[in-house]
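Enquirer:
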Amino acid sequence: MATIDRIYILDGGIAEVEDGSIYSPGINVGIPMTLSCNAYLIRHRGEWLIWDTGIADELAKYPEGRIIAHGIRGIVRRPIADQLDEIGVRPRDIGTILLSHAHFDHIGNVDLFENARWIAQRAEFEAMFGPDPDEFGYSLPHYEALQERPFEIVDGDHDIFGDGAVRMIFTPGHTPGHCSLLVKLPRRGAVLLSGDVAHNRENLRHMRVPSFNADPQATVASMAKVVELLRAENAEIWINHDTAQSQGVAYAPKWIE
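Counted from 1, the sequence shown has number 197 at position 197 by the UniProt record's numbering; the numbering is strictly sequential.
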């Protein structure tokens, strides 16, 4: 079975909301919530791939952060560029960029990776560059340069390297072309990087749909798909915004095999 070499978890900032019920309608009403925002640097057969890019490094200039979208405040303490430098990787060394979706806390640093080809889900690409990106909570200036670089459009589940080590899993609902990523590590085994298919483990367990998701029915179907995939692959799940889970992981410059 093919595996990746290693994975680094990058601190992509935090997101703060005043009312946590936007992620779980009727639950946590009026309760402030802090969400971790991670990015993931993957080494595979001598090549570098990055999954999501966190909140824009430029927000590190603002200690209190800034409200970006949906009333969500983005805060950056450790710029992604600095973390890559600690690892000894230059942004231009990264050959492939993958995005779970195009919200600000996932695409904030795409401009760093000028040499990377972008592999995009067709449904997400069409929403990002369609007539009304604002409908999906997107801001075109945050990622417009992606369209000028080499990119590949895929439909549905996609094996990135053709060997099963890194597989894009189509999990729409949060946005039209939202994806998760299944990676196989040499020692740890299979891990699903869930993106925003659910914002924490409790919401996944109860299949709670955020109020601003593009398609509630598709969201529930994608959650069910993820649960079945975890069973079939005997995989663990790393939920990007689950702050409690993120507090227990090893961040870069440490790596996981």
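The beta-carbon is built from N, C-alpha and C at its ideal position, and this holds for glycine as well. Note that the structure is predicted; figures quoted are calculated from it, not measured.
Please state if the CB of Thr53 and the CB of Asn109 are separated by a distance shorter than 9 Å.
Expert: Residue numbering aside, residue 109 sits at position 109 when the sequence shown is read from its first letter. Residue numbering aside, residue 53 sits at position 53 when the sequence shown is read from its first letter. Cβ distance < 9 Å, so Asn109 and Thr53 count as in contact.
Enquirer: Mapping DSSP to helix, strand and coil, what is Ser246?
Expert: On the sequence shown, residue 246 is found 246 positions in, with the first residue counted as 1. Reduced to three states, the DSSP call for Ser246 is helix.
Enquirer: Are the region 33-50 and the region 94-102 touching, with three or more C-beta to C-beta distances below 8 Å?
Expert: Output reads yes: the region 94-102 touches the region 33-50.
Enquirer: Of the residues Phe136, Lys184 and Arg149, which one's Cα is nearest the Cα of Asp159?
Expert: Counting from one through the sequence shown, the residue named residue 159 turns up at place 159. Among Phe136, Lys184 and Arg149, the Cα nearest to that of Asp159 is on Lys184.
Enquirer: Go through the region 92-168 residue by residue and report every complete run of the beta strand (DSSP E) that reaches 3 residues or more, in order.
Expert: Complete beta strand (DSSP E) runs here, min 3: 96-98, 117-121 and 151-154.
Enquirer: With burial defined as no fewer than 16 other Cβ atoms inside 10 Å of the residue's Cβ, what is the status of Pro172: buried or exposed?
Expert: Reading the sequence shown from its first residue, position 172 is the one you call residue 172. Label assigned to Pro172: buried.
Enquirer: Should Ile67 and Gly13 be called a contact, given that it needs their Cβ atoms to be closer than 9 Å?
Expert: What you label residue 67 is simply residue 67 of the sequence shown in a count that begins at 1. What you label residue 13 is simply residue 13 of the sequence shown in a count that begins at 1. Going by C-beta atoms, Ile67 is not nearer than 9 Å to Gly13.
Enquirer: Three Cβ pairs or more, each shorter than 8 Å: is that satisfied between the region 222-237 and the region 187-198?
Expert: Result yes; three or more Cβ-Cβ pairs closer than 8 Å.
Enquirer: Buried or exposed for Leu140, please, with buried defined as at least 16 other CB atoms from any protein chain shown within 10 angstroms of its CB.
Expert: Residue 140 sits at position 140 when you count from the first residue of the sequence shown. By the neighbour-count rule (16 or more Cβ atoms within 10 Å), Leu140 is not buried but exposed.
Enquirer: Apart from the five residues on each side of it in sequence, which residues of its chain come closer than 6 Å, Cβ to Cβ, to Pro79?
Expert: Numbered from 1 along the sequence shown, position 79 holds the residue referred to as residue 79. Result list for Pro79: Asp57 and Ala60, in chain order.
Enquirer: Are the CB atoms of Ile107 and Tyr143 nearer to each other than 9 Å?
Expert: For this step, residue 107 is matched to residue 107 along the sequence shown. For this step, residue 143 is matched to residue 143 along the sequence shown. Yes. Within cutoff.
Enquirer: Going by C-alpha to C-alpha distance, which of Ala102, Asn28, Pro133 and Phe125 sits closest to Ile55?
Expert: As a working note, residue 55 is residue 55 in the sequence shown. It is Ala102.
Enquirer: Spatial neighbours of Glu16 within its chain, please: CB distance less than 6 Å, with the 5 preceding and 5 following residues excluded, ordered by chain position.
Expert: The sequence position of residue 16 within the sequence shown is 16, counting from 1. Thr34 and Arg73, listed in sequence order.
Enquirer: Starting from the Cα of Asn200, find the closest Cα among Ala127, Phe136, Asp132 and Ser24 and give me that residue.
Expert: Translated into the one-based positions of the sequence shown, residue 200 becomes position 200. Per the Cα distances, Ser24.
Enquirer: Kindly indicate which residue of Pro150, Ala2 and Phe136 has the alpha-carbon position closest to the one of Ala120.
Expert: Counted from its first residue, the sequence shown places residue 120 at position 120. Taking only the C-alpha atoms, the option nearest Ala120 is Pro150.
Enquirer: Among Leu49, Asp5, Ile9 and Phe161, which one has its Cα closest to the Cα of Tyr251?
Expert: The residue labelled residue 251 in the question sits at position 251 within the sequence shown. The shortest Cα separation from Tyr251 among Leu49, Asp5, Ile9 and Phe161 belongs to Ile9.
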